[in-house]
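Enquirer: Taken in order, these protein sequences are the chains called A and B.
Once you know that position 43 of the first sequence is 36 in the working numbering, the rest is easy, because the numbers rise by one and skip nothing.
Once you know that position 364 of the second sequence is 1462 in the working numbering, the rest is easy, because the numbers rise by one and skip nothing.
Where a beta carbon is used, it is the ideal one built from N, C-alpha and C, also for glycine.
First the structure, which I've put down as structure tokens, then a few questions once you've had a look.
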Amino acid sequence: MDVAELIRERLREVYDPELGVNVVDLGLVYDIREEPDRVLVKMTLTTPGCPLHDAIIGGARRALWQAIPDKPVDVELVWEPRWSPDRMSDAAREQLGLI
Amino acid sequence: MSRLPLLFIVTGMIGFALFHAVSLSSLLGWLDDGVRGPEGWFNAHLFVLGWATMLAMGAYYQLISVVLQTKIYSEKLGFLHYATFTVGLFGLLFGFALGKTAMIALFAALAFAGILLFAWNVGATLLGAAKWDAITSSAGMAVLYLVLTGLAGMAMGVNFAAGWWNDLHQRLFGTHIWLGTVGWFGLLITGFSYKMLPMFFLSHGHPTALQKAVFVLWNAAVLAGAAVLLAGGGATPMLVAVALLAAAIAVYNVHILQIRKHRHKKNPGAGIRWSMYGNHAFAAIAAGALIWALVRPPALTETGTLLLAGWLYLPGWVSFMILSYASKIVPFLWWTLKYGQRAGQPGTPLMAGLLDERKANALLAAVAVTFFLPAAGLALDLEAMVAAGGSLHSAVSLAYMALLGLVFTR
Chain A
-6 MDVAELIRER LREVYDPELG VNVVDLGLVY DIREEPDRVL VKMTLTTPGC
44 PLHDAIIGGA RRALWQAIPD KPVDVELVWE PRWSPDRMSD AAREQLGLI
Chain B
1099 MSRLPLLFIV TGMIGFALFH AVSLSSLLGW LDDGVRGPEG WFNAHLFVLG
1149 WATMLAMGAY YQLISVVLQT KIYSEKLGFL HYATFTVGLF GLLFGFALGK
1199 TAMIALFAAL AFAGILLFAW NVGATLLGAA KWDAITSSAG MAVLYLVLTG
1249 LAGMAMGVNF AAGWWNDLHQ RLFGTHIWLG TVGWFGLLIT GFSYKMLPMF
1299 FLSHGHPTAL QKAVFVLWNA AVLAGAAVLL AGGGATPMLV AVALLAAAIA
1349 VYNVHILQIR KHRHKKNPGA GIRWSMYGNH AFAAIAAGAL IWALVRPPAL
1399 TETGTLLLAG WLYLPGWVSF MILSYASKIV PFLWWTLKYG QRAGQPGTPL
1449 MAGLLDERKA NALLAAVAVT FFLPAAGLAL DLEAMVAAGG SLHSAVSLAY
1499 MALLGLVFTR
């Protein structure tokens, strides 16, 4: 399993506690990039000022703690591009009752 | 995470339980001839301040930082507000219960001081953020109307003691009620719903233009009504305020349907679904009230009409909206406090696991249905129906509040 896949699998354990859908299926994970001295994960939230900001980002950081033995994983919150529902996976849509 | 919102919300839940326990024990006897005396003042203020305003203040502290993406101006001021308002309120209630004028005066002043501290805190937060849209404008105006409501109440208290403006007293009473119910609660509920409903429906891309229309119409209704009542105007000028309010409610309902239409989550939860039903029922009732007032304008000044309108608006729309949204607010606050630091770890419960949705749905349905029994009793002037229906309503309301209370055991 490559690094990006490993990170994604770990992030599938991090849920939006209100929606009950994990952050990967919600389409919140924008980029996973391996750099020389770290792995950088760029992610967003469904809405600016999301009241669960700390819980979700903190959860992502906890889930990725020591995920890669020889490199730290940094989680960066970004707001561009703005999240939109079309980024959700079919699994997320099904879980939210849309299909 | 701040414990300030939870403090207010738990106290509000206790206020709700106290109100309904007292109502049950008196079989709502106060909601008749006693409504304009100490017994009525006790129950009305326990309900409006001890339950609805208390919980609303907690929700306000929680949501304003979400909306503005900034911390509240001062946590310490928030705790001082809580202490002042709560001590003032319960002293005031004891004063009403015991009929002690000096006690009423002292503790009313303390409760009003609490409201001023709240206004200072949120005012500084809003002005500091300088982010003005329909949500923040509604929130700001709501607090202004709360302060004016308190001021009118204080003026009435002074008049009771000193008799300085007896001619004004009845007019102050009407203005006090209108500003508090339509102004404070109306703008708070509509304003914050523009943030909360899209969150729980996961709505995106919905139009927001109607939010401004609701803001303008609702404020026009508040100001028109307050002006008419303060000037001692009669039923006909009051019709204008009622028509403006009915229009605001209608436009508001169109907007919340726009939010729902753009949803990406089919089921927002029982509480939010019931809030939508409650809003639609409210719009229908407002339209019916306007038609009735147009056909029979003198009804707007009749005691029976006013009592029924007060019941439909306060324990009806205002309280039901707060109960509905509490189904999200309470689990959210508890989950964040208890499990927020465990998010991302396997086995961490979801928010949905904290409140039994099926029971919440059933109990909210029961609260909604039983609410109309005392309403019918008031409309038909049937005391027994008010007593029996009101008692049933109080019983199911207590059951729903107990269900919310169970969240704190998860």
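#1: So is residue 17 of chain A buried or exposed if we call it buried at 16+ other beta carbons inside 10 Å?
#2: Within 9 Å (strictly less), CB to CB, does residue 1359 of chain B reach chain A?
#3: Reducing DSSP to helix, strand and coil, say where residue 1099 of chain B ends up.
#4: Of all the residues that make up the region 49 to 61 of chain A, which are near chain B by a beta-carbon distance shorter than 7 Å?
#5: Taking only runs that begin and end inside the region 1162 to 1197 of chain B, name each unbroken alpha helix (DSSP H) of 4 or more residues, in chain order.
#6: Going by the CB atoms, is the gap between residue 1366 of chain B and residue 1313 of chain B shorter than 9 Å?
#7: Is it true that the region 1456 to 1466 of chain B meets the region 1369 to 1377 of chain B, where meeting means three or more beta-carbon pairs spaced less than 8 Å apart?
#8: Once DSSP output is grouped into helix, strand and coil, what is the label at residue 92 of chain A?
#9: Over what stretch of residues does the beta strand (DSSP E) that includes residue 54 of chain A continue unbroken?
#10: Among the residues of its own chain, which have a CB less than 7 Å from the CB of residue 1338 of chain B, if the five just before and after it don't count?
#11: Quick one: does residue 37 of chain A have its CB under 9 Å from some CB of chain B?
#12: Applying a beta-carbon distance threshold of less than 7 Å, which residues of chain B neighbour residue -4 of chain A?
#13: Is any heavy atom of the ligand ADP found at a distance shorter than 8 Å from the C-beta of residue 1385 of chain B?
#14: Tell me the rounded alpha-carbon separation between residue 1151 of chain B and residue 1411 of chain B.
#15: For the alpha helix (DSSP H) containing residue 2 of chain A, list its first residue and its last residue.
#16: Suppose you measure from the CA of residue 1341 of chain B to the CA of residue 1320 of chain B; what does that come to, to the nearest Å?
#17: Please state if the CB of residue 1237 of chain B and the CB of residue 1277 of chain B are separated by a distance shorter than 9 Å.
#18: Quick check on residue 1169 of chain B: buried or exposed, where buried means 16 or more other Cβ atoms within 10 Å of its Cβ?
#19: Please confirm if the region 1185 to 1202 of chain B is in contact with the region 1221 to 1241 of chain B, defined as three or more CB-CB distances below 8 Å between the two stretches.
#20: Can you find a C-beta in chain B that's less than 9 Å from the C-beta of residue 71 of chain A?
#21: Does the beta-carbon of residue 1310 of chain B have 16 or more other beta-carbons within 10 angstroms, so that it is buried, or is it exposed?
#22: Would you kindly check if the distance between the Cβ of residue 1424 of chain B and the Cβ of residue 1107 of chain B is under 9 Å?
#23: Under the rule that 16 or more other beta-carbon atoms within 10 Å means buried, what is residue 1268 of chain B, buried or exposed?
#24: Strictly by DSSP, which residues pair up with residue 24 of chain A?
#25: Given that residue 1468 of chain B touches chain A, what residues does it touch there, using C-beta distances under 9 Å?
#26: Taking the alpha-carbon positions, what's the residue 7 of chain A to residue 44 of chain A distance?
#27: Could you list the residues in the region 1387 to 1418 of chain B with a C-beta less than 7 Å from some C-beta on chain A, going in chain order?
#28: With 16 other CB atoms within 10 Å as the buried threshold, where does residue 1228 of chain B fall?
#29: According to the neighbour-count rule (16 or more other Cβ atoms, all chains shown, within 10 Å of its Cβ), is residue 1419 of chain B buried or exposed?
#30: What do you get for residue 1216 of chain B, buried or exposed, if any count of 16 or more other CB atoms within 10 angstroms of its CB means buried?
#31: So, is the C-beta of residue 78 of chain A closer than 9 Å to a C-beta in chain B?
#32: Under 8 Å, with one C-beta from each stretch per pair, do the region 1108 to 1124 of chain B and the region 1491 to 1502 of chain B reach the 3-pair mark?
#33: Ignoring anything shorter than 4 residues, give me the alpha helix (DSSP H) runs that lie fully in the region 1361 to 1441 of chain B, in order along the chain.
Expert: In short:
#1: buried
#2: no
#3: coil
#4: 49, 51, 52, 53, 55, 56
#5: 1173 to 1196
#6: no
#7: yes
#8: coil
#9: Taken as a continuous stretch (DSSP letters only), residue 54 of chain A belongs to no beta strand (DSSP E), being part of the alpha helix (DSSP H) at 46 to 57.
#10: 1322
#11: no
#12: Result: empty, since nearest Cβ-Cβ is about 18 Å, beyond 7 Å.
#13: The ligand ADP is not part of the structure shown, which contains no ligands of any sort.
#14: 14 Å
#15: Start and end: -4 to 4.
#16: The C-alpha of residue 1341 of chain B lies about 11 Å from the C-alpha of residue 1320 of chain B.
#17: no
#18: exposed
#19: no
#20: no
#21: exposed
#22: yes
#23: exposed
#24: A/35
#25: Here the premise fails: no neighbours, minimum Cβ distance about 29 Å.
#26: The alpha-carbon separation between residue 7 of chain A and residue 44 of chain A amounts to approximately 16 Å.
#27: none
#28: exposed
#29: buried
#30: buried
#31: Yes, residue 78 of chain A lies at the interface with chain B (some Cβ there is under 9 Å from its Cβ).
#32: yes
#33: 1368 to 1393, 1401 to 1409, 1417 to 1437
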